[in-house]
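First comes the structure, then the notes that go with it.
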Amino acid sequence: MKLYTLVLVVLFSTFSFAQNISGKAYYESKTTVDMDNFGGREMSEQMKKMIAERMKSMLEKTYILTFNKNESIYKEEEKLESGPGGGFGMMMNSFSAGAQYKNLEKNQILEEREFFGKQFLINDTISNLEWQVTDEKKMIGNYLAVKATAIKKIDSADMAFARPRRGREDRKKDDAEKAKEEKIEVGDEGGGNTNETANGEEKKEEDPMNNFEIPEEIEVTAWFTPQIPVSNGPGEYAGLPGLILEMNMYRTTILCSKIVLSTKAGEKIEAPDKGDEVTREEYNKIVKEKMEEMRENFRGRGRGGRRGF
695 MKLYTLVLVV LFSTFSFAQN ISGKAYYESK TTVDMDNFGG REMSEQMKKM IAERMKSMLE
755 KTYILTFNKN ESIYKEEEKL ESGPGGGFGM MMNSFSAGAQ YKNLEKNQIL EEREFFGKQF
815 LINDTISNLE WQVTDEKKMI GNYLAVKATA IKKIDSADMA FARPRRGRED RKKDDAEKAK
875 EEKIEVGDEG GGNTNETANG EEKKEEDPMN NFEIPEEIEV TAWFTPQIPV SNGPGEYAGL
935 PGLILEMNMY RTTILCSKIV LSTKAGEKIE APDKGDEVTR EEYNKIVKEK MEEMRENFRG
995 RGRGGRRGF
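In this note's numbering, the protein residues as written are 695 to 1003.
Written out as structure tokens, the structure reads:
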């Protein structure tokens, strides 16, 4: 009888805690880049090291998830530091998400995106991955975490998951085989930008976007804690019976470093409302068209000029 009463008390306390829970979770995000294939053999190790150091502020960030039972907003912590102001850094930042608001009750996510100077607000449903909860457990800080995995499909226009292709020699081999299949000779129109060599022969310039590829799918690993009964997590991720404390996906690791909980209402969570509202599908179409335009401009060296949105 005493045991039965104790179980009821624990269950009631957990339910009551879940109804009123709110707080903030701080996450450290780190992304690695395979510098071995970056830039090919022509780039020196010293140059690769310098580029990696300049990219550090872009690849290592701190985020804050402010949440309650049904809502959350995930934002990058503001820092007074100078990162890469242009070139590769500016380009890759154009593919990074801004504030991400989730409403679990409505199954809605609102995501800010600034793409080449234009502000967008993506209105979409939360990606409910088919999580497979495992028996693996570990301690993350003072919390017991349980491992779960899922397969995430990647849109071909999502440059946030772009990664360097294999070595230059492998790419040349693939390009030669592809050209043979399509019966395209080097120097033909549409084959890219060309320059004449010392022998008067035309040399095909490689499209810089060919140095990157986007996987069709990736494996996502999450570690969640049932001790914080909120079905939420960093970024777009949710759907597990507890707050996600750690995420691993391709070359990115997101780890919770600090949690501040409260059983009070907490601060009001406001959904973002700036930017042209679009669906995820519409936004990906805009990105894809813009990337194709950039590739055409490269091939034609600006032929037709740069078009705006």
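Even glycine gets a Cβ: it sits at the ideal position worked out from N, Cα and C.
Item, Value
"Taking all protein chains shown into account, decide if GLY884 is buried (16 or more other Cβ within 10 angstroms of its Cβ) or exposed.", "For GLY884, the predicted model reports a pLDDT of 45, less than 50, meaning its position is unreliable; a value from the coordinates is still stated below. Under this definition GLY884 is an exposed residue."
"State the start and end residues of the unbroken alpha helix (DSSP H) segment that holds ILE816.", "ILE816 -> not in any alpha helix (DSSP H); beta strand (DSSP E) instead, spanning 812-819."
"Please specify which runs of the alpha helix (DSSP H), each continuous and at least 4 residues long, are wholly inside the region 907-970, giving them in chain order.", "none"
"Considering Cα atoms alone, identify which of PRO920, TYR721, ASN764, MET741 is closest to LYS962.", "ASN764"
"Can you name, in chain order, every residue of its own chain whose Cβ lies under 8 Å from the Cβ of ILE834, other than the five neighbours on each side?", "TRP917, THR919, LEU939, GLU940, LEU949, CYS950"
"How would you write the range of the alpha helix (DSSP H) that ILE980 sits in, first residue to last?", "974-993"
"Would you report the Cα separation of SER925 and LEU937, rounded to the nearest angstrom?", "6 Å"
"Relative to the C-alpha of LYS952, which candidate in ASP970, ASN836, ALA791 has its C-alpha closest?", "ASN836"
"Alpha carbon to alpha carbon, how far is ILE980 from GLN813? Give it in angstroms, no decimals.", "12 Å"
"I'd like the list of long-range same chain contacts for GLY969, defined as Cβ closer than 7 Å, with 5 residues on each side in sequence excluded.", "GLU806, GLN813, PHE814, LEU815"
"Going by other Cβ atoms of all chains shown within 10 Å of its Cβ, with 16 needed for buried, is ASN714 buried or exposed?", "exposed"
"Should LYS984 and PHE810 be called a contact, given that it needs their Cβ atoms to be closer than 8 Å?", "yes"
"Taking Cβ positions, are VAL759 and ALA793 nearer each other than 8 Å?", "According to the sequence as given, residue 759 is Leu; it is not Val. The answer is no: Cβ separation not under 8 Å."
"Could you pull out every residue in the same chain whose Cβ sits closer than 8 Å to the Cβ of VAL914, ignoring the five residues on either side in sequence?", "LEU823, THR843, ALA844, ILE845, LYS846, TYR931, MET941, ASN942, MET943"
"What are the residues that DSSP puts in a beta bridge with GLU805?", "GLN794, ILE816"
"What does DSSP give as the partner residues of LEU759 in its beta bridges?", "ALA719, TYR768"
"Taking the C-alpha atoms as reference points, what is the distance between ILE767 and ASN801?", "14 Å"
"When the Cα atoms are used, what is the spatial distance from GLU771 to TYR757?", "5 Å"
"When you compare each of GLU986, ASN797, VAL954 to PRO966 by their alpha carbons, which one comes out closest?", "ASN797"
"Hey, would you say the C-beta of ILE834 is under 7 Å away from at least one heavy atom of the ligand FAD?", "Absent from the structure shown: the ligand FAD. Ligands present: none."
"Excluding the 5 residues preceding and the 5 following GLU971 in the sequence, name in chain order all residues of the same chain whose CB lies nearer than 6 Å to its CB.", "LEU815, ASN817"
"If you reduce the DSSP assignment to three classes, tell me which class ALA743 lands in.", "Note that residue 743 corresponds to Lys in the displayed sequence, not to Ala. Note: LYS743 maps to helix in three-state DSSP."
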